[in-house]
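Novice:
Protein chains: 2
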Amino acid sequence: MGKAIYEKNDIKLDNYNLLVDEALFHNANGYIGVRSAFEEGYPENFKTIRGEYINGFYDFTQTEQAENIYGLVHEKQTMLNVADTQSIDIYFDDEKFSIFEGTVLKSKRWVDMDKGITGRFVSWRSPKGKEVEIKVIRMASFYQLSLFTIEYQIKPINFSGDVMIESNHNGNVKNFFDPHDPRNADESFQYLTPESCYIQYGASYINSHTSKSGLEVCSCVKNFLSGESERQFIINESNAQCQMSTIAQPGKKIKLIKYAVFADSLRVENCKVTAASEMKKALSVSLQELYKHQEDYLAEYWENSYVEIQGDNELDMALKYNLFQLIQSVSKDEYGNIAPKGLSGEGYEGQYFWDSEMYIQPFFTITNPEITKSLIAYRYEILDKAKENAKLLGHKKGALYPWRTIMGKECSGYFPAGSAQYHINGDIAYSIIAYYLATKDLDFIQEKGAEIIFETARLWMDVGNFYNGQFHINDVTGPDEYTCIVNNNYYTNALAQYNLQWAVKLYFQMRKLPEFRKMQKRIKLSYEEITEFKKAAEQMYLPYDEKLKINPQDDSFLQKKHWDIDTIPKKNFPLLLHYHPLHLYRYQVCKQPDTILAHFILEDSQPQEVIRNSFAYYEKITTHDSSLSRCIFSISASRLGLEDKAFKYFGDSTKLDLMDLHKNTKDGIHTANIGGNYMAIIYGFGGLRIKESGIYFAPILPKKWTGYRFRICFENRRIIVGITKDHCTFFIESGEPIAINVYKKEYLLDGKLTIHRKKTLRRED
Amino acid sequence: MGKAIYEKNDIKLDNYNLLVDEALFHNANGYIGVRSAFEEGYPENFKTIRGEYINGFYDFTQTEQAENIYGLVHEKQTMLNVADTQSIDIYFDDEKFSIFEGTVLKSKRWVDMDKGITGRFVSWRSPKGKEVEIKVIRMASFYQLSLFTIEYQIKPINFSGDVMIESNHNGNVKNFFDPHDPRNADESFQYLTPESCYIQYGASYINSHTSKSGLEVCSCVKNFLSGESERQFIINESNAQCQMSTIAQPGKKIKLIKYAVFADSLRVENCKVTAASEMKKALSVSLQELYKHQEDYLAEYWENSYVEIQGDNELDMALKYNLFQLIQSVSKDEYGNIAPKGLSGEGYEGQYFWDSEMYIQPFFTITNPEITKSLIAYRYEILDKAKENAKLLGHKKGALYPWRTIMGKECSGYFPAGSAQYHINGDIAYSIIAYYLATKDLDFIQEKGAEIIFETARLWMDVGNFYNGQFHINDVTGPDEYTCIVNNNYYTNALAQYNLQWAVKLYFQMRKLPEFRKMQKRIKLSYEEITEFKKAAEQMYLPYDEKLKINPQDDSFLQKKHWDIDTIPKKNFPLLLHYHPLHLYRYQVCKQPDTILAHFILEDSQPQEVIRNSFAYYEKITTHDSSLSRCIFSISASRLGLEDKAFKYFGDSTKLDLMDLHKNTKDGIHTANIGGNYMAIIYGFGGLRIKESGIYFAPILPKKWTGYRFRICFENRRIIVGITKDHCTFFIESGEPIAINVYKKEYLLDGKLTIHRKKTLRRED
């Protein structure tokens, strides 16, 4: 699978590209994330988002509302930039190393997706003529999540003399503040205050606390320099600098290893003690062994996540790069989740959205289900907060998950496109069911999943009402934020129906299990409620237009005005930055395809004809102003046999970050787009569906490709799927034989199965 | 008509009541307003909203939005507190006069509605035993709008000695800031900066400028003390104190007259020069003559506004108090309008709303039409700003009046219950047509009114769209803010239809007039547009439910949940302070009766049966959380022959301010409630309607009353209407004979007409 290295040569030194590279080459392991700023910094007038982040580690920040309306959000959470451990300054005699001075003879940066490291190489001639080669390897360890390492190699070429190294550990940090970017609305406030800074056993410690959330973080840094001749520490209350000296000799490598570990009070009792023990653990093996562990971890990850595009190497590499970002970004415990920018930047303030469940989790569910479990555990962790949120919005029962959050409280300041997106409840329920269908892990459902499904189901009963024999859900916002606060959003209602159906199913499936009964008692779930769930699900109103034979996005969508997208000036996209919400709400125009997404994930709820008509209808009016849009069109086009369209929509978006297509990769990589892209291959081209009735495939092959292969994990089986020009092969690597459905025909998969690939596909046929 | 004096004895000295009295006894003339704080102030720990305001004189204030959404309001306007000219401190030897010390032997405050003055009388014994009577008369002159006077009389009873008077003129002022009141969201920022303070010809001048709006105001104060022995001024950059001495002798009155005038750069070129000439003008006649002018002005006002309730003196007095507040509050020029709190407080920041057109203007239109003209002229003045506002909201043509404003730019921070209230366009058009129907003043319509009607009509064409052969208006908010951003709000559509119909009518009526043709050319109004107006008006979609035979408030109102108002705990009203908007939007619950209001003002657009059914339907679900609600129910109940209900809804609301029923009179009096109350008598009980086809009456008599009489002005005629137990009499005081319609029968009114009063009334009969 894929080329293991993404490499950039002749690094551009303009500020914009440096910011993009900070994100592209960041190191993360789901716990810590470190943006790849240069250790030695940039010129003074350059902006840098020089951040190190801990997943889920936040402070509360104030947010003003223009009018004092009941229940609006006045306090958000923001992921904090914690201590800077990446700074290293080098002096060759009186010359400070900086590639903004002197001459760069050669430079490159890379990410090695197999080794789990990033690298930088510079061949540099100082203004006074000293030539030196510098190579830096960085790693955020998957083996030890608290650990970030920098291996800094200096090779003097044509000189000898004193080398002085200042390795900094700086607790005086702020979040990045760019007043011109609406997505980073924070003020430049120091949320994190260092309260102690000390040296212990040769390591520096900085312990800081947050301004309002009552959290604490301790970072510990230790430096090892080969041939070290002298060392001293210069410390103040927020900063520890380790000054080391050595001697340069032509051709002789000097090596500095800098270990940094973090401990935070979300996860541990005593941060200082934990930081010390984590540092001890890190130093208990060699750096080479740590690299080996990293490689082993990733070897397993790549095996699980195997996907290979044949005939398009560049795409294949980009895909590998992307999936590497997912494992870098996703939390490995229940205190965090996966943010839209992962741990690579401060966009969206590190909060978690529906992106997790609907775009990213599907990848993990069929490749690394343990991670999905952890993501669901996070939602379980904040279930009480979701119940409080439901109360705040006037609901008498149930849980309403916040639209954006870190610790469980709502962070969306503009509720019509935020808190009103009740579909997040359905999204979370859907993703739990998807986990269950792919794993049949009833224990976990019993332990955590079912309770979420019941509490979200309860909420639908409170938000909706029966009217004329149908169950209506009024005044919510669907995923498409270009129409807000609508009645009977198709997507929302379809997911609510699914949520309710599964609450009923799980109840009957598990009602006799003792653990389940305990939970049922605890949450006071009555049989009458189940009956109501059933009734509401059966009578759920799903908008349908007889004339057009499509599902309208909501009750009144079709009576809105038409707006020919082709007539809108290019500079006016994305529309949300150029038109008042009321204007957008009044048109049949979509940021992303609400109904098409529902048709993808719940395809059996509508006849193929309706799905086909809807695709054609919404395609014309969708602007794709959201990076979550095109992948869904691609998947649906595959389903409908529109192979060229499917590939067109799939298009370049695999390279969205690598090519900075949205011009905001500097704020962080796009995790949901990556997940959507993966889905476009597996669910789209591969036609994978996992339903209660079994597992389905209906592969197509993009014309540009010679083939593709992927591995999935299904009910503890590992299955390899390969598509070539003429054949589809299925191979069961481990686990019991199983019936699979390919092109609507059932086969027993026991070993290897080869089927002729259908060349044209109209799914309704 | 009515008792001329509203009086309060034994003034309560607790802080809350003092704040209420500041509003109740404030002096205003539509240009300046002065809250009645004590001249000598309160104890230090007391709050005071010690304000002096100029109608329409504002500064820009920042308002934060939680998310950076395109087009939201970031800058509001707030009416400024200008220089304090009401401070007077009195020292009897070493004792400072303060009724919070010593003993109050007697105290009272009053408003004399005939004389146009307020008074305060205190009989006081100082801690050391000095007895003194103090009487203060204050006036905001209608004769000279720039002028506010204080006549301060001191009568020493049992002592003699030195009296020192410090009369202050203080430019160091801020707006009131109460962080606990959502309606006063301003920060405590000094918007007004004094730039010069000087003495000239014995008067002090303070000239100040605003922080952002580029406006300037100059105040000038001059003091005259009887028996003055010594005088000196103590001034600094923002404050001028005039210290005067005299001698107290038992029984001998000491009199101080303090004149204050204001000039502002909205209205005059040079504020300092104007302030000086206004002071000169004020001093060119005696105070007694100024009082006489005031009385003359009000005599005419009371004659025009004559309304008398027989059999309920208290109500009659309250009514007179209320109408006095209207003439105090309403601007006499096009630079101001009438704010919800008039000039009596800072509630709603002195901005103007639809209250003007729909609740207050109807009173002026039929009693003092020149004032309505001025209110319309204000809307004409800000027409260009309304066009800019339309552009901001994405409209390609027309004008969209801001929901709340001072100088024409939108001030509503929360657009779903603000800018989305497009009905304000219809309200303004309706009020202009009402003015036209009552006056037939085609000159003014040609000069200003018609252009507004065309530009608002144009907007409807851009906001709405034809769908299935009907004209729809989507995504607007009606007057009832408990459901926001809805499709086809009945009220909005009905008014839009009326707006469009009249645009067509006026076009055909005036198209040959030369002035009209000039305007038509200037605004590029084409015949094709008129044709479109006509088509949209004819095809306007007005929601109607076949089953219930009512007009639903909007397309989806009836599918919303029911909420039995009786089950809601009392403490949870008003609902908007206790429930999230999304919760409210999801229920059939009304803050005020949208559709009922439309049925009142456009009663011929629906059959009586639909109006009756709608009344019954909405009555059950309306909370009257708005002070604009009950009066409309009262009017409609009168119309439907529900006499007891009509009187019940009319109820105590005439005393809303006098009895501080809403517990917020401290923030200012409620001008729209006053207007609504007046309408409940004239349009409700009296059944007055002025239509294109003529003038209609259908009087009923509340059981508690023995009769009532009122005068209206109609097409330059003055008509007195009197209702007694058995008769209705109509008397034409001036003007040509005219046909009037009483109880659906036409009569020629030429002199006096007496008709038997109908005892029961079902209007559809």
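Protein chains in written order, with my numbering: chain A, 24 to 788; chain B, 24 to 788.
A virtual CB, placed ideally from N, CA and C, is assigned to each residue, including glycine.
1. Where does Tyr93 (chain A) fall in DSSP's three states?
2. Interface residues of chain A around Thr694 (chain B) at Cβ under 9 Å?
3. Note down, in chain order, all residues in the stretch 663 to 691 of chain A with a beta-carbon under 9 Å from any beta-carbon belonging to chain B.
4. Please report the distance separating the alpha-carbon of Leu460 (chain A) from that of Thr388 (chain A).
5. Ignoring anything shorter than 3 residues, give me the beta strand (DSSP E) runs that lie fully in the stretch 561 to 606 of chain A, in order along the chain.
6. Taking only beta carbons into account, state which residues of the stretch 510 to 533 of chain A come closer than 8 Å to chain B, listed in chain order.
7. Beta carbon of Ala2 (chain A), beta carbon of Ser657 (chain A): below 8 Å?
8. Using a Cβ-Cβ distance cut-off of 8 Å, determine whether Leu599 (chain B) contacts chain A.
9. Could you give the C-beta distance for Gly709 (chain A) and Gly730 (chain A), rounded to a whole number, given that I count them as a contact under 8 Å?
10. Please check if any C-beta of chain A sits within less than 8 Å of the C-beta of Phe212 (chain B).
11. Distance, Cα to Cα, Asp627 (chain B) vs Trp483 (chain B)?
12. If I measure Cβ to Cβ from His779 (chain B) and keep anything under 7 Å in the same chain, skipping five residues before and after, which residues do I get?
13. By the 10 Å Cβ neighbour count, where 16 or more other Cβ atoms means buried, how is Lys35 (chain A) classified, buried or exposed?
14. Is it a yes or a no for the stretch 346 to 354 of chain A touching the stretch 67 to 76 of chain A, going by three-plus beta-carbon pairs under 8 Å?
15. Using a Cβ-Cβ distance under 8 Å, would Thr86 (chain A) count as near chain B?
16. Using 8 Å for Cβ pairs, my map puts Tyr514 (chain B) next to Thr618 (chain B). What's the rounded Cβ distance?
17. Kindly identify the DSSP beta-bridge partner or partners of Asp135 (chain B).
18. Under 8 Å between C-beta atoms, does Gly417 (chain A) make it to chain B?
19. Kindly list, in the order they appear in chain B, the residues whose Cβ is closer than 7 Å to that of Ala341 (chain A).
20. Is the stretch 265 to 274 of chain B touching the stretch 176 to 186 of chain B in the sense that three or more CB pairs, one from each, lie closer than 8 Å?
21. Look up Cys241 (chain B) in the DSSP assignment and say whether it is helix, strand or coil.
22. Buried or exposed: Ile692 (chain A), going by 16 or more other Cβ atoms within 10 Å of its Cβ?
23. Along chain B, in chain order, which residues have C-beta atoms closer than 9 Å to that of Tyr490 (chain A)?
24. Is Tyr221 (chain A) helix, strand or coil by DSSP?
25. Whose C-alpha, out of A:Ala51, A:Gly250 and A:Pro179, is nearest the C-alpha of Pro273 (chain A)?
26. Take the Cβ of Asp378 (chain A) as the centre, count every other Cβ of all protein chains shown within 10 Å, and call the residue buried at 16 or more, exposed below.
27. So with Cβ pairs under 8 Å, would you call Ser649 (chain B) a contact of chain A?
28. Give the range of the beta strand (DSSP E) segment to which Met267 (chain B) is assigned.
29. For Cys243 (chain A), which of A:Ile697, A:Thr108 and A:Thr390 has the nearest alpha-carbon?
30. Are at least three pairs of beta-carbons, each pair with one atom in the stretch 710 to 720 of chain B and one in the stretch 367 to 374 of chain B, less than 8 Å apart?
31. Give the straight-line distance between the Cα atoms of Asp485 (chain B) and Thr500 (chain B), rounded to the nearest whole angstrom.
32. Going along the chain, which residues of the stretch 599 to 614 of chain B sit with their C-beta nearer than 7 Å to a C-beta in chain A?
33. Would Glu67 (chain B) pass as a contact of Ile111 (chain B) if the rule is Cβ separation under 8 Å?
34. Quick one: which chain B residues come within Cβ less than 7 Å of Tyr640 (chain A)?
35. Can you grab the Cα-Cα spacing for the pair Tyr39 (chain B) / Ala60 (chain B), in whole Å?
36. Please list the terminal residues of the continuous beta strand (DSSP E) segment that includes Tyr175 (chain B).
Specialist: Short version:
1. Position 70 of the first sequence, counting from 1, holds the residue named residue 93 (chain A). Tyr93 (chain A): coil per DSSP, three-state reduction.
2. Locating residue 694 (chain B) in the second sequence gives position 671, where the first residue counts as 1. Under the 9 Å cutoff, chain A gives no residues; its nearest Cβ is about 21 Å from Thr694 (chain B).
3. Of all residues in the stretch 663 to 691 of chain A, none has a Cβ within less than 9 Å of some Cβ in chain B.
4. For the purposes of this step, residue 460 (chain A) is taken as residue 437 along the first sequence, with counting starting at 1. For the purposes of this step, residue 388 (chain A) is taken as residue 365 along the first sequence, with counting starting at 1. Roughly 10 Å between the two C-alpha positions.
5. Counting whole runs of 3 or more residues, the stretch 561 to 606 of chain A contains no beta strand (DSSP E) stretch at all.
6. Asn510
7. The requested residue 2 (chain A) is not part of the displayed model; chain A covers only 24 to 788.
8. For the purposes of this step, residue 599 (chain B) is taken as residue 576 along the second sequence, with counting starting at 1. For Leu599 (chain B), the answer is yes, since a Cβ of chain A falls inside 8 Å of its Cβ.
9. Indexing the first sequence from 1 puts residue 709 (chain A) at position 686. Indexing the first sequence from 1 puts residue 730 (chain A) at position 707. Contact between Gly709 (chain A) and Gly730 (chain A) does not hold, since the beta-carbon distance rounds to 12 Å and is not under 8 Å.
10. As a first step, residue 212 (chain B) must be located in the second sequence, where it is residue number 189. Phe212 (chain B) does not count as touching chain A.
11. As a first step, residue 627 (chain B) is located in the second sequence; it is residue number 604 there, counting from the start. As a first step, residue 483 (chain B) is located in the second sequence; it is residue number 460 there, counting from the start. Between Asp627 (chain B) and Trp483 (chain B), the C-alpha separation is close to 21 Å.
12. Along the second sequence, one-based indexing puts residue 779 (chain B) at 756. Asp749 and His750.
13. Taking the first sequence and counting its residues from 1, one reaches residue 35 (chain A) at position 12. By the neighbour-count rule (16 or more Cβ atoms within 10 Å), Lys35 (chain A) is not buried but exposed.
14. Cβ pair count under 8 Å is below three, so no.
15. For this step, residue 86 (chain A) is matched to residue 63 along the first sequence. Taking a beta-carbon distance threshold of 8 Å, Thr86 (chain A) counts as an interface residue toward chain B.
16. As a first step, residue 514 (chain B) is located in the second sequence; it is residue number 491 there, counting from the start. As a first step, residue 618 (chain B) is located in the second sequence; it is residue number 595 there, counting from the start. The Cβ separation is near 6 Å, so the contact holds.
17. Translated into the one-based positions of the second sequence, residue 135 (chain B) becomes position 112. Answer is B:Ile28 and B:Ile140.
18. Locating residue 417 (chain A) in the first sequence gives position 394, counting from the first residue. Yes, Gly417 (chain A) counts as interfacial toward chain B.
19. To locate residue 341 (chain A), count along the first sequence from 1; it is residue 318. None at all; the shortest Cβ gap to chain B is about 32 Å.
20. yes
21. Here residue 241 (chain B) refers to the residue found at position 218 when the second sequence is read from its first residue. In this structure, Cys241 (chain B) counts as strand in the three-state DSSP scheme.
22. In the first sequence, counting from the first residue as 1, residue 692 (chain A) sits at position 669. By the neighbour-count definition (other C-beta atoms within 10 Å, threshold 16), Ile692 (chain A) is a buried residue.
23. Indexing the first sequence from 1 puts residue 490 (chain A) at position 467. Ordered by position in chain B, the residues that pass the 9 Å Cβ test against Tyr490 (chain A) are Leu581, Gln582, Lys583 and Lys584.
24. Here the question's residue 221 (chain A) lines up with position 198 in the first sequence. Residue state, collapsed to three classes: strand.
25. What you label residue 273 (chain A) is simply residue 250 of the first sequence in a count that begins at 1. For Pro273 (chain A), the nearest C-alpha among the options comes from A:Pro179.
26. The residue labelled residue 378 (chain A) in the question sits at position 355 within the first sequence. Asp378 (chain A) comes out buried.
27. Taking the second sequence and counting its residues from 1, one reaches residue 649 (chain B) at position 626. So, not an interface residue.
28. To locate residue 267 (chain B), count along the second sequence from 1; it is residue 244. Its beta strand (DSSP E) spans residues Asn262 to Ala271.
29. Your numbering for residue 243 (chain A) matches position 220 in the first sequence. Out of A:Ile697, A:Thr108 and A:Thr390, A:Thr108 has the C-alpha closest to the C-alpha of Cys243 (chain A).
30. no
31. Your numbering for residue 485 (chain B) matches position 462 in the second sequence. Your numbering for residue 500 (chain B) matches position 477 in the second sequence. One C-alpha to the other measures close to 16 Å.
32. Cβ contacts with chain A come from Leu599, Leu600, His601, Tyr602, His603, Pro604, Leu605, His606, Tyr608 and Arg609.
33. Looking up residue 67 (chain B) in the second sequence gives position 44. Looking up residue 111 (chain B) in the second sequence gives position 88. Here Glu67 (chain B) is not near Ile111 (chain B), since their CB atoms are 8 Å or more apart.
34. The sequence position of residue 640 (chain A) within the first sequence is 617, counting from 1. Those do not exist, as Tyr640 (chain A) stays about 16 Å from chain B at its closest Cβ, beyond 7 Å.
35. The sequence position of residue 39 (chain B) within the second sequence is 16, counting from 1. The sequence position of residue 60 (chain B) within the second sequence is 37, counting from 1. Whole-angstrom Cα-Cα distance: 12 Å.
36. Working through the second sequence from its first residue, we reach residue 175 (chain B) at position 152. Element bounds for Tyr175 (chain B): Leu170 to Pro179.
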